[in-house]
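Participant: Protein chains in written order, with our numbering: chain G, 210 to 259; chain E, -19 to 463; chain H, 37 to 255.
For reference, the structure I am asking about is given below.
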Amino acid sequence: MFFEPFTDVVPSFFGWLNQGPLTLTIFLHTIIVLPMFWIYFQEKKKLEEA
Amino acid sequence: MLASIKTHELKYESQKLGMMYFRVAIILFGAQLLMGLIAAFQFLVPGFLFEIFDFSVARMVHINALVVWMLFAMIGSVYYMIPDETGIEAVGVKIGKIAFWVLTVAVTIVVLVYIFVQIGAGTEATIWFINEGREYIEAPRWADIGIVVVVLIFYWNVFATFMKGKQTGIMMVMVANLMALAGLYLTGMFFTDNISMDQFWWWWVIHLWVEATWEVFVGTLAAYALIKIIGAKREIVEMWLWIEVLMLFGSGVLGMGHHYFWIGTPEYWWEIGALFSALEPVPLVAMFVHVLYDWGKEQGLAEAEGDGSGHALNNGPAMAWIVTNAFGNFLGAGVWGFFHTLPQVNIYTHGTQFTASHGHLSFYGAYATILIGMMYMGLQGTYGIKHMKMTFKSKMGIFLTTFGVLGMGVALLISGYEQVLVERAELGATWNAFFVAQELPWYIQGQLWRFIMGIVTFVGFIYLVWDLLTIGKQAKQAQEAKA
Amino acid sequence: MAKKNVSVWTSIPFWRRSAAWVTGFAVVLLIWLSFDTLGQISMGTDEDLKSGVTKRVPGPTVINYNIDYKFSKKRGSEVPIIGDKEPFFGKEWSVEDAAALLHLGKLTSQAKNCMNCHTLLGNGAYYAPDLTKAWLDPTWEAMGYFGQKTKEEGIAHFLQHPAENAIHTRRMPNLAITPEEAKGLVAFLKHMSSIDTNGFPRNFSKTVEQFKQGGTNAR
């Protein structure tokens, strides 16, 4: 029973992502943080070339 | 501070305007404390001023004076820092002064109506002219519109001055953040029959103010103050400021979810609110570390190679308030907020004295402290003082108010804890459960200590005002005697 | 050629861009989530009620139905249950009349500043009881509806004469509520009790059962 059945009143995209232990919030955190890697390497390249 | 109306060495009209805002702010702060004392006393003696000046009225003026004095002090701080940061006078300072008087008169009328008219019939007219009956943003609709106009004038002043003058990183954050801060007020200006919808938008104003834009505002003020007071390096301060913006908005914007647990909104907010808001204390720790680190570093430099005075600080009381802010923000907003931010806990603590405890500590720790610090910086500039030192009154002021508010926070927390266990967990939140919990000795003792600590806070406030009124003149005389 | 030793972690542009990205994207997500939520919390219609469609916030005509608050195994918490029809102030309210009554009630709740003593959906002041499920509170019955025939009339009577009918030393003041406004407020309270609050307040229904069996904790 790692993943829980959907229990909310109205089905929705975010409700569907909300599948159990912190799935929705970890997903949101990940897509917020991931692009920072790209920003990091781009800035690194800029500094190295400067 | 009063004498500073006539004698000041401020070069810029914008800074004088800032001082005008500070003066009104401190008066409203006093009004807030008085109303708080009345409301706290009514918890102990419910018949006090019954049907003359009921709890609802005292409490409404208490929280409205809070919001308004902070907005006044915030606008004042911005007008004060603009010339320092941009290097020029605020472009529309004349209309800024008119806006100040309009706002002050409007606030006075609103407060008088709150106190003497109090409530109205269930009609649109009441919402337009007496009060809107929505916690924190009770201001009637006419005043809402007035506030928007005044804020637009203020914002135009900040924006146009920023565009014309030097564009620092601090001002860039300030300009962007103020736009969000002002715009958010609009989401709290309409009426709906749907109470869930009502509270959904209400939180857009309240949460996105106090847990996002106001916090970034505080970060900006702290950055400016550290450069002014201890001569911190701008590059380091601005780097920290961007990190703070990242973390405050990154956690605070979606941290909104912790207000959407129980107001009719979907279950997915549980997760969003839980983790995002659980991260809200992280930037507050970072801010505290940053302030102390910079202070220590500059103090070390001052001793090693300084001007012989051995002081890194040029403004003792302002720095004391800013350090109190850094710690109070972390403790009151961060730790106290985290106590009850998870839905598993919040289902029991929501709407109990827990919230009141957190509210007192966080508003004081996060906002009141740094705004008072800014007032001391204003006084230093007004009297042209090179090294402003703490007086006995400054020390009593900061110690008693801080100790008093901390005491109120702890007392309310104990009452809240009892209420959570008895009313919510044991008995289940009916009217009977509510009153049983309110009558237990542990609850009443907490309320009694809250009242006592409220008086301590008020005594501290008297010292604070006394100090604000005298410290500038005294320091100036001492400085002249020395020279 | 050896690469220069650089420090991205202390670079202002790196943090500035990251701050802009994180803030901007968080705001986009919040707006997207808000649209989803606003759709879910907009009021239902009379048809929804007739056909048994569950809405988080039912339409105003929910005042024509019996409302209860019971534990749901599926949700793991208490949920509002909209039952059979029952008269409200002795009649069935049309869609227009129910909406007008709820409008008056919500307006009155703001005009009388309820929120600065009570909490609504848990938000407000903490001086007086929470009103989220006030309509379902067993106290009304225990007080014999203040001598009135029905619960709604009892509550309306109390709202017009709160100080005289106080159930605690912390009395509610007389707020000059008219009979019409009182009716509106009762409709507002009844409507609020039908909102799905994800199980807040918890344990409410358990206490109601205890209370009805005579197990009161009042002193």
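In this text, a Cβ means the ideal position worked out from N, Cα and C, and glycines have one as well.
1. Could you name the residues of chain H that F222/G contacts, counting a contact when the two beta carbons are closer than 8 Å?
2. Looking at S47/H: is its Cβ nearer than 9 Å to the Cβ of L243/G?
3. Closest to P165/H by CA distance: which of N412/E, L449/E, A336/E, F134/E is it?
4. Select from M169/E, S176/E, N157/E, V265/E the residue whose C-alpha is nearest the C-alpha of D124/E.
5. Please report the straight-line C-alpha distance between I240/G and G230/E, rounded to a whole angstrom.
6. Are the C-beta atoms of D178/E and some chain H residue less than 9 Å apart?
7. Among T144/H, S70/H, C153/H, Q76/H, which has the Cα closest to the Cα of T214/H?
8. How would you label Y273/E, buried or exposed, when you count the other beta carbons within 10 angstroms and need 16 or more for buried?
9. Quick one: complete alpha helix (DSSP H) runs, 4+ long, within the segment 65 to 152 of chain E?
10. Could you list the residues in the segment 213 to 233 of chain E with a C-beta less than 8 Å from some C-beta on chain H, going in chain order?
11. Under DSSP, the beta strand (DSSP E) around S113/H begins and ends at which residues?
12. Assuming L85/H contacts G75/H under a Cβ cut-off of 8 Å, what Cβ separation, rounded to an integer in Å, is found between them?
13. Please return the same chain residues whose Cβ sits closer than 7 Å to the Cβ of H340/E, not counting the five positions on each side in sequence.
14. Who pairs with L156/H in a beta bridge, going by DSSP?
15. Examine chain H for any beta-carbon lying closer than 9 Å to the beta-carbon of G240/G, and answer yes or no.
16. Compare the Cα-Cα distances from N102/H to each of K226/H, D232/H, L157/H, S241/H and report the closest residue.
17. Listed in chain order, which residues of the segment 95 to 124 of chain H have Cβ atoms closer than 9 Å to some Cβ of chain E?
18. Could you work out which residue in A455/E, G27/E, H291/E, F139/E is closest to R207/H when comparing CA atoms only?
19. Name the DSSP beta bridge partners of D166/H, please?
20. Ordered along the chain, which non-local residues of its own chain (more than five positions away) have a Cβ less than 6 Å from that of G160/H?
21. Name the chain H residues that come within less than 9 Å of I175/E, Cβ to Cβ?
22. In this structure, how does DSSP classify Y204/E when only helix, strand and coil are distinguished?
23. Please look up how many angstroms separate the CB atoms of R404/E and P237/H, rounded, as I've assumed it's under 8 Å.
24. If you follow the alpha helix (DSSP H) that F107/H is part of, which residue opens it and which one closes it?
25. For V217/E, which option in L228/E, G199/E, M227/E has the closest C-alpha, if you only look at C-alpha atoms?
26. What would DSSP say about V373/E, mapped onto helix, strand or coil?
27. Using CA atoms only, rank isn't needed, just tell me which of F30/E, A20/E, S57/E is closest to Y1/E.
28. Show which residues of chain H have a CB atom less than 7 Å away from the CB atom of W242/E.
29. Spatial neighbours of A218/H within its chain, please: C-beta separation below 6 Å, excluding the five flanking residues on both sides.
30. Should E245/H go down as buried or exposed, given a rule of 16 or more other Cβ atoms within 10 Å for buried?
31. Could one say the Cβ of T216/G lies closer than 9 Å to chain H's Cβ atoms, at least one of them?
32. Would you check if the distance between the CB atom of I6/E and the CB atom of M355/E is smaller than 9 Å?
33. Using DSSP's beta-bridge definition, name the partner residues of N295/E.
34. Could you list which residues in chain E have their beta carbon closer than 9 Å to that of L231/G, in chain order?
35. Can you check whether the CB of I150/E is closer than 9 Å to the CB of L221/E?
36. Using a Cβ-Cβ distance under 9 Å, would R255/H count as near chain E?
Facilitator: With the given structure in hand:
1. Here residue 222/G is taken as the residue at index 13 of the first sequence, counted from 1. The contacting residues are D72.
2. Along the third sequence, read from residue 1 onward, the residue named residue 47/H stands at position 11. Along the first sequence, read from residue 1 onward, the residue named residue 243/G stands at position 34. Going by C-beta atoms, S47/H is not nearer than 9 Å to L243/G.
3. Counted from its first residue, the third sequence places residue 165/H at position 129. Among N412/E, L449/E, A336/E, F134/E, the Cα nearest to that of P165/H is on N412/E.
4. Here residue 124/E is taken as the residue at index 144 of the second sequence, counted from 1. The option with the nearest alpha carbon to D124/E is M169/E.
5. Your numbering for residue 240/G matches position 31 in the first sequence. Your numbering for residue 230/E matches position 250 in the second sequence. Going from the Cα of I240/G to the Cα of G230/E covers about 12 Å.
6. As a first step, residue 178/E is located in the second sequence; it is residue number 198 there, counting from the start. Answer yes: the Cβ-Cβ gap between D178/E and chain H drops below 9 Å somewhere.
7. Here residue 214/H is taken as the residue at index 178 of the third sequence, counted from 1. For the residues T144/H, S70/H, C153/H, Q76/H, the minimum Cα distance to T214/H belongs to T144/H.
8. Numbered from 1 along the second sequence, position 293 holds the residue referred to as residue 273/E. Exposed, since its Cβ has fewer than 16 Cβ neighbours within 10 Å.
9. 73 to 96, 104 to 109, 121 to 144
10. E215, E218, M219, W222, I223, V225, L226, F229, G230, V233
11. As a working mapping, residue 113/H is identified with position 77 in the third sequence. S113/H -> beta strand (DSSP E) spans 113 to 121.
12. Taking the first residue of the third sequence as position 1, residue 85/H is located at position 49. Taking the first residue of the third sequence as position 1, residue 75/H is located at position 39. Rounded, the Cβ-Cβ distance is 18 Å, inconsistent with contact.
13. Stepping through the second sequence from its first residue, residue 340/E is reached at position 360. Here the set comprises V385, M388, G389, L392.
14. Indexing the third sequence from 1 puts residue 156/H at position 120. Partner(s): N159/H.
15. Within the first sequence, numbered from 1, the residue matching residue 240/G stands at position 31. Note on residue identity: the sequence assigns Ile, not Gly, to residue 240/G. Yes, I240/G lies at the interface with chain H (some Cβ there is under 9 Å from its Cβ).
16. Within the third sequence, numbered from 1, the residue matching residue 102/H stands at position 66. Per the Cα distances, K226/H.
17. P96, R111, S113
18. To locate residue 207/H, count along the third sequence from 1; it is residue 171. Of A455/E, G27/E, H291/E, F139/E, the residue nearest in Cα terms is G27/E.
19. Taking the third sequence and counting its residues from 1, the one referred to as residue 166/H is at position 130. Paired residues: T155/H.
20. Mapped onto the third sequence, residue 160/H falls at position 124. Excluding sequence neighbours, G160/H sits near M151, H154.
21. Here residue 175/E refers to the residue found at position 195 of the second sequence. Simply V93, K142, S145, L156, L157, F224, H227, M228, I231.
22. Against the second sequence, residue 204/E aligns to sequence position 224. Y204/E falls in the helix class under three-state DSSP.
23. The residue you call residue 404/E lines up with position 424 of the second sequence. The residue you call residue 237/H lines up with position 201 of the third sequence. Contact holds; Cβ gap of about 7 Å.
24. Indexing the third sequence from 1 puts residue 107/H at position 71. F107/H -> not in any alpha helix (DSSP H); beta strand (DSSP E) instead, spanning 101 to 108.
25. Numbered from 1 along the second sequence, position 237 holds the residue referred to as residue 217/E. Closest by alpha carbon: G199/E.
26. For the purposes of this step, residue 373/E is identified with residue 393 of the second sequence, where counting begins at 1. First, the amino acid is wrong: residue 373/E is Lys here, not Val. Helix, per DSSP.
27. Here residue 1/E is taken as the residue at index 21 of the second sequence, counted from 1. Checked all of F30/E, A20/E, S57/E; the closest Cα to Y1/E is S57/E.
28. Position 262 of the second sequence, counted from the first residue, corresponds to residue 242/E. Those are L157, G158, T233, N234, F236, listed as they occur along chain H.
29. Counting from one through the third sequence, the residue named residue 218/H turns up at place 182. Contacts found: A192, L195, Q196.
30. Here residue 245/H is taken as the residue at index 209 of the third sequence, counted from 1. E245/H is exposed by the Cβ-count criterion.
31. One-based indexing of the first sequence puts residue 216/G at position 7. Closer than 9 Å: yes.
32. Against the second sequence, residue 6/E aligns to sequence position 26. Against the second sequence, residue 355/E aligns to sequence position 375. In this structure, M355/E lies closer than 9 Å to I6/E by Cβ.
33. Translated into the one-based positions of the second sequence, residue 295/E becomes position 315. Partner(s): M368/E.
34. Residue mapping note: residue 231/G aligns to position 22 of the first sequence, counting from 1. Ordered by position in chain E, the residues that pass the 9 Å Cβ test against L231/G are E251, A254, L255.
35. For the purposes of this step, residue 221/E is identified with residue 241 of the second sequence, where counting begins at 1. For the purposes of this step, residue 150/E is identified with residue 170 of the second sequence, where counting begins at 1. Cβ atoms of L221/E and I150/E: closer than 9 Å.
36. Locating residue 255/H in the third sequence gives position 219, where the first residue counts as 1. Residue confidence for R255/H is low, a pLDDT of 41 falling below 50, so the modelled location carries little weight and cannot support an answer.
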